[in-house]
Structure formats: C-alpha cells, structure tokens
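Residue numbers (the numbering used here): 606 to 737. Each residue gets a CB set at the ideal place from its N, CA and C atoms; glycine is no exception. Keep in mind the model is a prediction, meaning the values are calculated, not measured. What follows is a set of notes on a single structure, which appears directly below.
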C-alpha cells in the first residue's frame with residue numbers, strides 16, 4: 606500500500622510560503638558583516654525545510670536550487686563566510702525566485718530557467734570565493 610503524497614501538497618506550499626516570508630524578513634534584518642546567529646539559523650532552517658519537502662514531493666528543481674542557498678547559509682552559520690551586502694542581496698533575489706518556482710510548481714506552469722541558472726551561479730560564486 607502506497608501513500609498518495611499529493612494530499613500533502615497544499616500544506617507543503619502553505620508552509621513553504623511562510624518559510625519564504627521568514628527568510629525574507631531575516632535577510633532584511635541581517636546586517637552586512639554581522640553574523641547574527643539567530644537570524645541566520647532561522648533563515649537556514651526555513652531553507653532546509655523547503656529543500657527537504659521539495660525533495661520528498663519530487664520537486665527536484667526546487668530542491669536543487671534551495672540546496673545551494675542552504676549551503677551558503679550553512680557556511681554563514683559556521684562563520685566561514687560573512688554576510689555581505691552582495692550576498693544578502695543575492696539571497697533576497699533567490700527568495701523571490703524560489704517563491705516564483707514554488708508558485709509555478711503549485712500551478713503547473715513553467716519556471717524561469719535562465720533566472721534560476723543565473724542566481725544559482727551567483728550563489729555558487731559566493732561559496733567558491735570563501736577561504737578554504
């Protein structure tokens with residue numbers, strides 16, 4: 606007997622959109638160069654939940670995109686990468702993009718692949734610029 610996960614989609618989307626709001630608020634309140642651990646942890650947990658739920662439901666594109674956001678946030682949590690105005694701006698743009706991706710998946714419409722690739726690459730640059 607298999608469980609139809611589609612019955613949980615609506616709850617996933619509601620919780621994900623709430624998580625995105627928390628991420629946006631946290632990023633807007635995060636001072637550049639100031640590793641506010643509570644704020645970063647809140648933002649990270651929201652990204653982690655969205656990534657996990659996306660993977661569970663088979664929303665692979667969302668999970669892959671969120672993974673790179675989560676990785677950057679984890680590096681910030683660990684103190685390996687300091688938040689900068691540029692990284693915060695890119696994360697805010699990524700939250701907007703993630704919102705659009707989730708809405709597209711929810712509505713069965715196309716996602717903006719070029720935007721996703723561009724932001725993914727920008728996030729990766731912050732990760733690769735980090736000291737080893």
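| Runs of alpha helix (DSSP H) wholly within the region 622-665 (minimum 4 residues, chain order) | 642-662
| Where residue 730 falls, given that 16 or more other Cβ within 10 Å makes a residue buried | exposed
| Excluding the five sequence neighbours on either side, which residues of its own chain have a C-beta within less than 6 Å of the C-beta of residue 669, listed in chain order? | none
| Which of helix, strand or coil DSSP assigns to residue 686 | coil
| request: Would you grab the beta carbon distance between residue 655 and residue 631 for me? Rounded to a whole angstrom, and I think it's under 8 Å. | output: Between residue 631 and residue 655 the Cβ distance is about 14 Å, and since that is not below 8 Å, they are no contact.
| Under 7 Å between the Cβ atoms of residue 635 and residue 721? | no
| request: Keeping to the same chain, check which residues put their C-beta closer than 8 Å to that of residue 673; ignore five residues upstream and five downstream. | output: 725, 728, 729, 732
| request: Express the C-alpha separation of residue 619 and residue 662 in angstroms, rounding to a whole number. | output: 14 Å
| said: Whole angstroms are fine: how far does the CA of residue 715 sit from the CA of residue 614? | reply: 18 Å
| message | Excluding the 5 residues flanking residue 646 on each side, which residues of the same chain have their C-beta closer than 8 Å to its C-beta? | response | 682
| request: Could you round the C-beta distance between residue 686 and residue 677 to whole angstroms and report it? I think they count as a contact, below 8 Å. | output: 7 Å
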